[in-house]
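The working numbering applies: residue 3 is where the sequence shown begins, and numbers increase by one.
Please read the structure below before turning to the comments.
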Amino acid sequence: MRPAGGHRTLAERAFATLHEAIVTGVLAPGERLPIEELAEILEMSPMPIREALRLLDSVGLVENIPHRGARVTELSIEDLREVYEARLALEPLCVRHAAENFTDADAQQATARLAEHVRASKQRALGPIWSSHTAFHFALYEAAKSRWMLRLIHPLWESSERYRFAMLPVRLNLDKRRLEHERILQACIDHDPDAASLELHNHLARTANMIARQMGGQELFELVAAGAEPDKAAVG
3 MRPAGGHRTL AERAFATLHE AIVTGVLAPG ERLPIEELAE ILEMSPMPIR EALRLLDSVG
63 LVENIPHRGA RVTELSIEDL REVYEARLAL EPLCVRHAAE NFTDADAQQA TARLAEHVRA
123 SKQRALGPIW SSHTAFHFAL YEAAKSRWML RLIHPLWESS ERYRFAMLPV RLNLDKRRLE
183 HERILQACID HDPDAASLEL HNHLARTANM IARQMGGQEL FELVAAGAEP DKAAVG
């Protein structure tokens with residue numbers, strides 16, 4: 003675990019370093035996070051560490067337990083279900099708005115981000131795969147021009163990324179995922195909000211189901227057929 007560089011505050015550096023360590027599994031689920039020890043490792047005072055842990059708590063990656071300190075949040079199928087239920091409520095709505103308002107500049111930005119993701123996927127470099135994947139999705143979401151939806155989506159995305167990183171690399175079919183991304187993007191370019199929402203819903207549902215199976219559970223969400231209501235897609 004190495005401190006992140008750049009012109010950032012100490013708290014931002016601590017957050018970035020701990021965030022990466024949690025998402026990539028360097029800091030394991032349930033692992034304790036002693037402030038003094040982290041301050042020594044990251045070569046800074048306890049104050050920015052406390053602030054970083056507070057921020058990580060706000061996005062669901064860390065639990066601050068009274069009188070016991072902080073620890074990395076555990077992974078569980080129930081937590082996975084809750085995170086993806088919220089994502090399925092928000093992100094298809096966000097991409098619907100994006101498709102309604104998609105500009106040529108939005109298309110260029112999202113297309114470039116998807117091309118970066120495809121290149122990283124061909125190289126099988128997990129770090130660039132995940133960062134370019136995030137950049138592509140948020141290029142779409144930012145086209146919705148809704149600050150509040152982005153504020154709600156960000157912490158859910160942060161919480162779900164460590165599930166993706168921990169569970170998906172073993173079986174991830176990158177060619178299939180590329181086609182899913184291309185369909186979402188094309189629906190936005192075509193200004194087809196129904197198709198964009200449906201394609202993204204199924205993209206997220208497939209991911210959640212794959213992770214749940216990898217964790218030894220059952221599938222959590224059904225896929226939505228054209229013309230069906232996305233909010234009726236939960237299993238159980």
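Where a beta carbon is used, it is the ideal one built from N, C-alpha and C, also for glycine.
{"query": "Run through DSSP, which three-state label would arginine 56 get?", "result": "helix"}
{"query": "Rounded to the nearest angstrom, what separates histidine 9 and proline 94 at their Cα positions?", "result": "In this prediction, histidine 9 has a pLDDT of 45, which is less than 50 and means its spatial position is unreliable; nothing more can be read from the coordinates."}
{"query": "Three-state secondary structure (DSSP) at alanine 127?", "result": "coil"}
{"query": "Spell out the partners DSSP gives asparagine 211 in its beta bridges.", "result": "DSSP lists no partner for asparagine 211."}
{"query": "Specify the secondary structure class of asparagine 103 as computed by DSSP and reduced to three states.", "result": "helix"}
{"query": "Between threonine 209 and threonine 136, what straight-line distance do the alpha-carbon atoms span, to the nearest angstrom?", "result": "14 angstroms"}
{"query": "Evaluate contact between the segment 101-119 and the segment 158-166, counting only Cβ atoms and requiring at least three cross-stretch pairs below 8 angstroms.", "result": "no"}
{"query": "Ordered along the chain, which non-local residues of its own chain (more than five positions away) have a Cβ less than 8 angstroms from that of histidine 183?", "result": "Leu116, His119, Phe138, His205"}
{"query": "Ordered along the chain, which non-local residues of its own chain (more than five positions away) have a Cβ less than 8 angstroms from that of arginine 4?", "result": "For arginine 4, the predicted structure reports a pLDDT of 44, less than 50, and the residue's modelled location is therefore unreliable. A value from the coordinates is still provided. Contacts found: Thr19."}
{"query": "Might you give, ordered along the chain, the residues of its own chain that have their beta carbon closer than 6 angstroms to the beta carbon of leucine 225, omitting 5 neighbours on each side?", "result": "Asn204, Ala207"}
{"query": "Spell out the partners DSSP gives alanine 72 in its beta bridges.", "result": "Asn66"}
{"query": "Can you pull the DSSP bridge partners for arginine 34?", "result": "Arg73"}
{"query": "Rounded C-beta distance between alanine 54 and proline 48? I'm assuming under 8 angstroms.", "result": "Not confirmed; about 10 angstroms, so no contact."}
{"query": "Where does the unbroken alpha helix (DSSP H) through valine 25 begin, and where does it stop?", "result": "12-25"}
{"query": "Hey, isoleucine 37 and arginine 15: beta-carbon distance below 8 angstroms or not?", "result": "no"}
{"query": "Where do the ends of the alpha helix (DSSP H) carrying methionine 169 lie?", "result": "149-169"}
{"query": "If contact is defined by three or more beta carbon pairs under 8 angstroms, each pair taking one atom from either stretch, is the segment 91-105 in contact with the segment 124-133?", "result": "no"}
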